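Residue numbers (the numbering used here): 10 to 360. We put the CB at the ideal spot given by N, CA and C, even for glycine. Model, not experiment: these values are computed from the prediction.
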C-alpha cells in the first residue's frame, strides 16, 4: 500500500483547505512533514474544524476566493507547488438550489482558475481534482456507477461538478498531452467524520440534535448512499496524487467509495449513530418538503482497487464509532488534535 511518508518535504497546494475534508487533509499532510499551502474562503461553519484544530498555525493558510484568479495565481506562484489537490467547492445540494449562480461560478470557474495556474506553472507535476459521486446521471439503479458512465448531474451542485470533470478533461487533452503534469479526478462517496458541522448533512444533524437530547429527524431514511469515513478518500487522494507524480501513467478518473456492504440506507446509518452515541436518543422519519434528491446512489470502485491494490480500511460501524469518539472528546473540551492524530495513526496502521 502507498506510504504517505512520500509527502515529507513535498510542496503541496490545497484549495478548499478550511473545509471539513480540507482540514483533515491538512492535518494528515502536516503530520508527514509536507510543506502545505492552502487557499480558501474562511471556514464555512461556526464552529469549524480548521479553527478548532488551529491549523493556520501549522501551515501557510491564505484566505481567498477561488473565483479571484489574480489573487489565486499570485499565491500559487509564490508557493511553487509540486502537487495540487483541488477541493474548493460549494458542496451542498440544497444550497445549490438557493444560489445556483454562485455554485456554478465556484465549482466550474474555480476549476478553470486552478487549472490555469497549473498550466502557467513550471513546478507542478501532479494535479488532482476532487469531485463527487453525484457527477453521474442518476438512473436510480441498484448497481454502482462506473467511471465510463454518463456525466450529467441533476441538481445545480451535481451538475456543476459534472462540468468540473469535463473542464479537467478538456485541459488535460488540450494542454497537458506532453505528460509533464499528471492530471486525475477522484469521485468520492459521502463522507463522515469528527468535526463536520455543515448543515443538511445527516451525521452533523444527528450530532446537533443528540447534544440537545432531542429526537432526531430523518427526512429520507430509505435513500442509499456510499458512506465512508473521511480518512478513506483522503488517503486515496494522496495515493493517486503521489503515484501519478512518480508515474504519469496512473493519471485517470477514479471512483472512491466503500465496499458494497457499507452502502447503507440513511435510516440504518442513523441506527448505528444512535447505538454508538447512547443516552437513549431516538429518531423518526419526517419529510420536510425540500428539493428533490437522488434516492439510490452507489459507486463501482473496482478500478481504483485493481490499479493501486487499494481496499477500504474501516467499515461503516467503525467510521460512526470514530465520529462519536471525536465529538465527545470535543464536547469534553479536550485537545482534538490529539484525537485526530490518534485516529489518523490507527487508520494508517489498520490492516
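Legend entry - Runs of alpha helix (DSSP H) wholly within the stretch 218–274 (minimum 4 residues, chain order): 240–255
Inset, instruction - Go through its chain and collect everything with a Cβ distance to residue 173's Cβ below 7 Å, but skip five positions before and after it. - result: 116, 117, 120, 138, 140
Inset, instruction - Starting from the N-terminal side, write out each stretch of the beta strand (DSSP E) that is 3 residues or longer and does not extend beyond the stretch 63–143. - result: 69–72, 92–95, 135–139
Legend entry - Boundaries (first-last residue) of the beta strand (DSSP E) holding residue 22: 20–24
Inset, instruction - Express the C-alpha separation of residue 190 and residue 353 in angstroms, rounding to a whole number. - result: 29 Å
Legend entry - Distance CB(residue 96)-CB(residue 198) smaller than 8 Å: no
Legend entry - Buried or exposed by the 16-neighbour rule on C-beta atoms within 10 Å, applied to residue 72: exposed
Legend entry - Cβ neighbour criterion (16 or more within 10 Å) applied to residue 86: exposed
Legend entry - residue 104 versus residue 54: straight-line alpha-carbon distance, rounded: 14 Å
Legend entry - Check whether residue 230 and residue 294 have beta carbons under 8 Å apart: yes
Legend entry - DSSP beta-bridge partners of residue 196: 264
Inset, instruction - Can you give me the Cβ contacts of residue 357 inside the same chain, cut-off strictly under 8 Å, excluding the 5 residues immediately before and after it? - result: 13, 244
Inset, instruction - Determine the extent of the beta strand (DSSP E) in which residue 47 is found, giving its start and end residues. - result: 44–49
Inset, instruction - Grab me the residues of residue 153's own chain with a C-beta within less than 6 Å of its C-beta, minus the 5 sequence neighbours each way, in chain order. - result: 307, 308, 309
Inset, instruction - Using the DSSP secondary-structure output, state which residues sit across from residue 201 in a beta bridge. - result: 238
Inset, instruction - Using 10 angstroms around the beta-carbon of residue 131, count the other beta-carbons present and answer buried if the total reaches 16, otherwise exposed. - result: exposed
Inset, instruction - Taking only the alpha-carbon atoms, compute the straight-line gap between residue 233 and residue 263 and give it to the nearest angstrom. - result: 20 Å
Inset, instruction - Compute the distance between the beta-carbons of residue 242 and residue 207, then report whether it is under 8 Å. - result: no
Inset, instruction - Please say whether residue 68 and residue 318 have beta carbons closer to each other than 8 Å? - result: no
Inset, instruction - Indicate, with yes or no, if the ligand SAM has a heavy atom lying under 7 Å from the CB of residue 209. - result: Absence of the ligand SAM from the depicted structure is noted, as is the absence of any ligand whatsoever, leaving it without description.
Inset, instruction - For residue 191, name the three-state secondary structure that DSSP assigns. - result: strand
Inset, instruction - Within its chain, find whatever has a CB closer than 8 Å to the CB of residue 296; leave out the 5 residues flanking it on each side and keep chain order. - result: 228, 229
Inset, instruction - Give me the Cα-Cα distance between residue 258 and residue 246, rounded to the nearest whole angstrom. - result: 16 Å
Inset, instruction - Please confirm whether residue 33 and residue 276 have their CB atoms less than 8 Å apart. - result: no
Inset, instruction - Compare the beta carbon distance of residue 279 and residue 345 with 8 Å and say whether it is the shorter of the two. - result: no
Inset, instruction - Return the first residue and the last residue of the alpha helix (DSSP H) that residue 30 is part of. - result: 29–41
Inset, instruction - Assign residue 182 to buried or exposed, taking buried as 16 or more other Cβ atoms, counted over all protein chains shown, within 10 Å of its Cβ. - result: exposed
Inset, instruction - For residue 347, count neighbouring Cβ atoms within 10 angstroms of its own Cβ and tell me buried if that reaches 16, exposed if not. - result: exposed
Inset, instruction - Might you give, ordered along the chain, the residues of its own chain that have their beta carbon closer than 7 Å to the beta carbon of residue 281, omitting 5 neighbours on each side? - result: 325, 326, 329
Legend entry - Short Cβ contact (8 Å threshold) for residue 41 with residue 17: yes
Inset, instruction - Check the C-beta distance from residue 165 over to residue 109 and give it rounded, since I have them as a contact under 8 Å. - result: 4 Å
Inset, instruction - Reducing DSSP to helix, strand and coil, say where residue 305 ends up. - result: strand
Legend entry - With 16 other Cβ atoms within 10 Å as the buried cut-off, status of residue 147: buried
Inset, instruction - Assign residue 271 to buried or exposed, taking buried as 16 or more other Cβ atoms, counted over all protein chains shown, within 10 Å of its Cβ. - result: buried
Legend entry - Among 35, 94, 160, 81, the one whose alpha carbon lies nearest that of residue 251: 94
Inset, instruction - Find out if the Cβ-Cβ distance for the pair residue 249, residue 171 is shorter than 8 Å. - result: no
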